[in-house]
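Colleague:
Number of protein chains: 2
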Amino acid sequence: MLAPMSNQRFVVIMAGGKGERFWPQSRLARPKQLLPIVGDSPMITQTVERLPKLVPYENILVLTNREQRAAVVEACPMLPPENIVAEPIGRDTAAAVGLAALLVGRRDPNATLAMLPADHVIHNTEAFCEVLSAAFAAAEGAERLLTVGIHPTEPATGFGYIQKGDVATRAEGREVYAVKRFVEKPDLETAKSYLASGDYLWNAGMFVWSVPAIRHAIRKYVPELDAGLVAIENDLAAGGELDATLEKHFPGLKKISIDYAVMEKADNVFTMTATFDWDDVGAWPAIVKHMACDEAGNAIRGAGTVKDGKNNLIVSTDDHLVAVLGTEDLIVVHTPDATLVCPKSRAQQIKALVTDLGKDERWKKLL
Amino acid sequence: MLAPMSNQRFVVIMAGGKGERFWPQSRLARPKQLLPIVGDSPMITQTVERLPKLVPYENILVLTNREQRAAVVEACPMLPPENIVAEPIGRDTAAAVGLAALLVGRRDPNATLAMLPADHVIHNTEAFCEVLSAAFAAAEGAERLLTVGIHPTEPATGFGYIQKGDVATRAEGREVYAVKRFVEKPDLETAKSYLASGDYLWNAGMFVWSVPAIRHAIRKYVPELDAGLVAIENDLAAGGELDATLEKHFPGLKKISIDYAVMEKADNVFTMTATFDWDDVGAWPAIVKHMACDEAGNAIRGAGTVKDGKNNLIVSTDDHLVAVLGTEDLIVVHTPDATLVCPKSRAQQIKALVTDLGKDERWKKLL
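Quick mapping for you: the protein sequence lines, in order, are chains A and B. Residues 141 to 507 in the working numbering are what the first sequence spells out, letter by letter. Residues 141 to 507 in the working numbering are what the second sequence spells out, letter by letter.
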């Protein structure tokens, strides 16, 4: 048997989101990452198709959940099906990061891996690959925990922020900054001060690190999670089947976010800045900037028409007309079994609406 | 052959409306009168079922158009199918009134007939029948053109008005007023003055007259229409088939409303006042007062839910959820192939929206 080639690069795509904010198009079994929210193919398909210049398909893993696994396999036919791994239950991002490092480490204990969200929009694939490549280079064989931060364009309160410090080193000609601190989602005033300072980047949930570096950090800052990971590792090494092993150990893992568990505490966190376009498309109104609008600012996908209205967003199917008359800044989303109507300003509450629907026996089936 | 019994009573229901204001539920072939806009059966079915105490079913005729005939026959199974007459093309109400008088006159030349719209909501059937019965009595064997007026409850600009004068006579204990004048739809200021005066009634399009009286009035005020009616009468008397005869003569009839052609001019117009509830339910917002609302004023028919919104109207099917979040005074109507969204204040423009749709090859099929 050949020893694995050292220093392989991997990408692990995090695809566990519930996507409630895109209801009624998104459902528990078909969240945002599995829908063509922007573009013509599911977001996760676009994410995978951004990567071949960086890593071969066999080195791309997807972490999802059981409800979505079949749909992820369908959306990613280019990936070996065994690379699509389902958590039996969500245990937040620290457990997912640990599992990713464990799985990659079984293939190459000294590998470097990038962790990427499944559902972000990035059009400039070339610049994206260049930045990731540099981040891989900076992380390889080092104890660095690398993040890729996004230059903020508005005082967003929906993201965590990264305060960058001095340039610590360079990789492939790009600056690698020390990180002064990782901060959680701020209030608006704080976000404004972050934006004004110029020192803060959005934490887009993109991380690059070596297997040893992240395993070490988890061992140091979340030892109880590390213990669970070691138990999984031992079962797998003893020939345990992956799903059964995860079923046994995963639900007991500590539930905590990687930001809170590690990134806010570790002193070996570094950041590089994105030189590519980036949009997390967090809710319905965010898709408008990726669409063609009419002269009154109405954005229409599928069969739709607006009379005497402006800045409306219509999403429908091709065979069902949504006709909007005399409204402004309204979202109307039609699907075969449910329609949503709400002002753009209320889009953040769609999640709460979906929660309410889940409490009603009549509408549960629409989740 | 027996001579027809003299002085029979007939009701002719006018069912030619296009119902564009109830799009997308109403369509060219299925307008308001053929839909359960209020109540559980089509409006025309409810209209027919109000009448058996007044006249037998064989004395109830419906004037409709060819697109709607099959649906009218289906909605009125209690009527002899030959009583449902289709105009080959709409020629406004004077031609319809003339045709009605002609058809009733062929059954009984001295009959009295009431003309009623097909799509109004009247809950108090007993009072309705009492008023109609008195109007029949006042019209029988007289030269009177009777109308039934509605006491206005608001300064509506969507109806014509009837200014009543002194009591001319009584019928079955009810006042029969002389009519000072018939006026067309007023502007708001004028409507307010009408409301304040107490002399004005809404013209609800309900007329009662004898065949000789209305034929005489048409002959006097619209002789060219009378000539066309006589041509139809002669063809039918010569054994002509009704549809073929109408096809030949009806399109050439003068196109004018009965109000403008006769009622505003004749000096033998009288009115009686409705002592029953009445609602013409002219557009979507009008159905709300016939529905149960939640405590926030939301009215929902079919599968619908409102979160943080008030005074919305949702009309859907039972198997498609319309979920509305954070809106006020909005109308959302879902049908299998089209959805309408518009503020209640814009409901009068739905007709214009439908006109626009008719100009677009893609949406024509939705009319």
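Note that the Cβ used here is the ideal one computed from N, Cα and C, for glycine as well. No experiment lies behind these values; they were computed from the predicted model shown.
Are the beta-carbon atoms of B:A155 and B:I184 separated by less than 8 Å?
Modeller: Yes; because the gap between Cβ atoms is below 8 Å, this pair is in contact.
Colleague: With a Cβ-Cβ cutoff of 8 Å, do B:G442 and B:V455 count as a contact?
Modeller: It is a contact, given that the beta carbons lie within the stated cut-off.
Colleague: Hey, how far is the Cα of B:V409 from the Cα of B:V494?
Modeller: Each residue's alpha carbon lies about 37 Å from the other.
Colleague: Against chain B, with Cβ distances strictly below 8 Å, would A:V455 count as a contact?
Modeller: Chain B, which has no Cβ nearer than 8 Å to the Cβ of A:V455, makes this no.
Colleague: If you compare alpha carbons, which of A:A235, A:I153, A:L365, A:A234 is closest to A:V212?
Modeller: The candidate whose alpha carbon is nearest that of A:V212 is A:I153.
Colleague: Applying the criterion that 16 or more other CB atoms from any shown protein chain within 10 Å of the CB defines a buried residue, is A:T475 buried or exposed?
Modeller: By the neighbour-count rule (16 or more Cβ atoms within 10 Å), A:T475 is buried.
Colleague: Pick helix, strand or coil for B:N374, following the three-state DSSP scheme.
Modeller: Helix at B:N374.
Colleague: Is A:G466 close to chain B, meaning its C-beta is less than 8 Å from at least one C-beta of that chain?
Modeller: Judged by the 8 Å Cβ criterion, A:G466 is in contact with chain B.
Colleague: Nearest by alpha-carbon distance to A:G300: which of A:K447, A:M346, A:G313, A:V307 is it?
Modeller: It is A:M346 whose Cα lies nearest to the Cα of A:G300.
Colleague: Just tell me which of A:Y317, A:E266, A:V261 has its CA closest to the CA of A:T287.
Modeller: For the residues A:Y317, A:E266, A:V261, the minimum Cα distance to A:T287 belongs to A:Y317.
Colleague: CA-CA distance, B:T187 and B:R167?
Modeller: Computed Cα separation, rounded: 20 Å.
Colleague: When you compare each of A:N451, A:T445, A:P326, A:L253 to A:D458 by their alpha carbons, which one comes out closest?
Modeller: Of A:N451, A:T445, A:P326, A:L253, the residue nearest in Cα terms is A:T445.
Colleague: Look at the Cβ atom of B:M412, then the Cβ atom of B:R502, and state whether they are nearer than 8 Å.
Modeller: No, Cβ-Cβ distance for B:M412 and B:R502 is not below 8 Å.
Colleague: In this structure, does DSSP put B:G345 in helix, strand or coil?
Modeller: The answer is strand: DSSP assigns B:G345 an E or B state.
Colleague: Chain A partners of B:D477, CB-CB under 8 Å?
Modeller: Ordered by position in chain A, the residues that pass the 8 Å Cβ test against B:D477 are D459, H460, L461.
Colleague: For the stretch 484-495 of chain A, which residues have a beta carbon sitting closer than 7 Å to at least one beta carbon of chain B?
Modeller: Listed by position along the chain: R486, Q489, I490, L493.
Colleague: Could you tell me the boundaries of the alpha helix (DSSP H) in which A:V237 lies?
Modeller: 232-247 is the extent of the alpha helix (DSSP H) around A:V237.
Colleague: With DSSP as the reference, label B:D496 as helix, strand or coil.
Modeller: It is helical.
Colleague: Let me confirm a value: A:G157 is counted as buried when at least 16 other C-beta atoms fall within 10 Å, else exposed. Which label applies?
Modeller: Its Cβ being crowded by 16 or more others within 10 Å, A:G157 is buried.
Colleague: Name, please, each residue of chain A whose Cβ falls closer than 7 Å to the Cβ of B:H474.
Modeller: By Cβ distance, chain A contributes T479.
Colleague: Confirm, please, whether the CB-CB distance from B:A278 to B:A311 is below 8 Å.
Modeller: Contact: yes.
Colleague: Whose C-alpha, out of A:M255, A:K450, A:L465, A:A215, is nearest the C-alpha of A:N343?
Modeller: Closest by alpha carbon: A:M255.
Colleague: Flag B:C216 as yes if its beta-carbon sits less than 8 Å from any beta-carbon of chain A, otherwise no.
Modeller: Chain A, which has no Cβ nearer than 8 Å to the Cβ of B:C216, makes this no.
Colleague: Leaving out five residues on either side along the sequence, give the residues of the same chain with a beta carbon under 8 Å from the beta carbon of B:N147.
Modeller: Only D248, N250, A251, T252, E280, G281 meet the Cβ criterion.
Colleague: Whole angstroms is fine: what's the gap from A:A353's alpha carbon to A:V237's?
Modeller: Cα to Cα, the separation comes out at about 12 Å.
Colleague: Just to confirm the assignment, what range does the alpha helix (DSSP H) spanning A:M218 have?
Modeller: Premise fails: A:M218 is in no alpha helix (DSSP H) and is neither H nor E.
Colleague: If contact means a Cβ-Cβ distance below 8 Å, which residues of the stretch 419-452 of chain A contact chain B?
Modeller: Answer in chain order: A443, T445, K447, D448.
Colleague: Grouping DSSP H, G and I as helix and E and B as strand, with all else coil, what is B:P363?
Modeller: Reduced to three states, the DSSP call for B:P363 is helix.
Colleague: Please state if the CB of A:L465 and the CB of B:Q303 are separated by a distance shorter than 8 Å.
Modeller: No. Outside cutoff.
Colleague: In the DSSP assignment, find the beta strand (DSSP E) that holds B:V188 and state where it starts and stops.
Modeller: No beta strand (DSSP E) contains B:V188, which is instead part of the alpha helix (DSSP H) from 183-189.
Colleague: What residues in the stretch 172-189 of chain B have a beta carbon less than 8 Å from any beta carbon of chain A?
Modeller: So the list is empty, because no residue satisfies the distance condition.
Colleague: Within the 8 Å Cβ cut-off, does B:W349 reach chain A?
Modeller: Taking Cβ atoms only, chain A never reaches closer than 8 Å to B:W349, which makes this a no.
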